[in-house]
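Worksheet: the structure to be examined is printed underneath.
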Amino acid sequence: MIILFGVVGSGKSEQASRLIAKLHCPYISTSRLIKDKNNPEWNKLITAGNLLDDQATLSILEPELEKIDTINKEFILDGAPRSIGQAEWLIEKVNTGKIKLTAIIHLVVSRRTAMERLLKRGREDDEEDIISERFRQFDSITTPVLNYLRSHNFTVNEVDGEWSSDIVEQQIWRVLEGKVEAKVG
């Protein structure tokens, strides 16, 4: 499993698609799963820039993980863990051998760059106040998750997401070198 971390606008989706194209592996995006459930209460939370609680997030994540071979097949996880509770859940899965962790990649970008990217894409929920709330949530909830993972001896690979998508992809492949192989065809 390759975990992609980064504030909204850091380029996670773009880099995930590039990894999928080279690895031909499953991609699990918690935000996509939440949207696909079409739960009006959840949609309202997400549209306002808030996160779902751990129980709701794990209730949609667990069934997705059961669909793939999390030990022998590479996959990309985007959007979890986003809390200490979810990090504890993940650590337990890794430590008990239920999931094989390949790398944790944190795409680091300035708030200014992320804001510019998000305002350019022009989605309905890409308004400055909502984006600012997402930044606040990332700083207060998700950043401690990165520190928590580090405190449990997990390596968090920082990748400079300010660069072009091609250069960011090259940085990610340097992290993954010797851990995964791109598949041809």
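Under the numbering used here, the first residue of the sequence shown carries the number 133, and numbering increases by one thereafter. By construction, the Cβ of each residue, glycine as well, lies at the ideal position given by its N, Cα and C atoms. Only a predicted model underlies this, so the values are computations on that prediction, with no experimental measurement involved.
* Give the range of the alpha helix (DSSP H) segment to which A188 is assigned. => For the purposes of this step, residue 188 is taken as the residue at position 56 of the sequence shown. Its alpha helix (DSSP H) spans residues D186 to E198.
* Residue of S161, S283 and Q187 minimising C-alpha distance to S145 -> As a first step, residue 145 is located in the sequence shown; it is residue number 13 there, counting from the start. For S145, the closest C-alpha among the options S161, S283 and Q187 is that of S161.
* Cα-Cα separation, L177 to N279 -> Sequence index remark: in the sequence shown, residue 177 carries index 45 (1-based). Sequence index remark: in the sequence shown, residue 279 carries index 147 (1-based). Going from the Cα of L177 to the Cα of N279 covers about 26 Å.
* Asked: For A235, which of helix, strand or coil comes out of DSSP?
  -> One-based indexing of the sequence shown puts residue 235 at position 103. DSSP places A235 in strand when its eight states are reduced to three.
* Work out the CA separation of M133 and I231 for me, nearest whole Å. => On the sequence shown, residue 231 is found 99 positions in, with the first residue counted as 1. On the sequence shown, residue 133 is found 1 positions in, with the first residue counted as 1. If you take the alpha carbons of I231 and M133, they lie about 7 Å apart.
* Is Q218 buried or exposed, if buried means 16 or more other CB atoms sit within 10 Å of its CB? -> Your numbering for residue 218 matches position 86 in the sequence shown. Buried, since its Cβ has 16 or more Cβ neighbours within 10 Å.
* Asked: The alpha helix (DSSP H) spanning E294 covers which residue range?
  -> Locating residue 294 in the sequence shown gives position 162, counting from the first residue. Unbroken run through E294: none, as it is neither H nor E.
* So does the stretch 278-298 actually touch the stretch 235-246, counting three or more Cβ pairs closer than 8 Å? -> At 8 Å Cβ cutoff, the stretches touch.
* Asked: When the Cβ atoms of the stretch 254-263 are set against those of the stretch 174-190, are three or more pairs found closer than 8 Å?
  -> Verdict: yes, contact present.
* Residues sharing a beta bridge with L209, DSSP -> As a first step, residue 209 must be located in the sequence shown, where it is residue number 77. L209 is bridged to I135 and I160.
* How far does the alpha helix (DSSP H) with G391 in it reach, from first residue to last? -> Since the first residue of the chain shown is 133 and the last is 317, residue 391 is not available in this structure.
* Output yes or no for whether 8 Å exceeds the beta carbon distance between I135 and L209. => Your numbering for residue 135 matches position 3 in the sequence shown. Your numbering for residue 209 matches position 77 in the sequence shown. It is a contact, given that the beta carbons lie within the stated cut-off.
* Asked: In this structure, what does DSSP give as the bridge partners for V240?
  -> Residue mapping note: residue 240 aligns to position 108 of the sequence shown, counting from 1. Its beta-bridge partners are D292.
* **Cβ contact check for the stretch 183-199 and the stretch 149-169: 3 or more pairs under 8 Å** => yes
* Could you pull the start and end residues of the alpha helix (DSSP H) that P312 belongs to? => Here residue 312 is taken as the residue at index 180 of the sequence shown, counted from 1. In the sequence as displayed, the identity of residue 312 is Val instead of Pro. Looking at the DSSP string, V312 is not in any alpha helix (DSSP H), and its letter there is neither H nor E.
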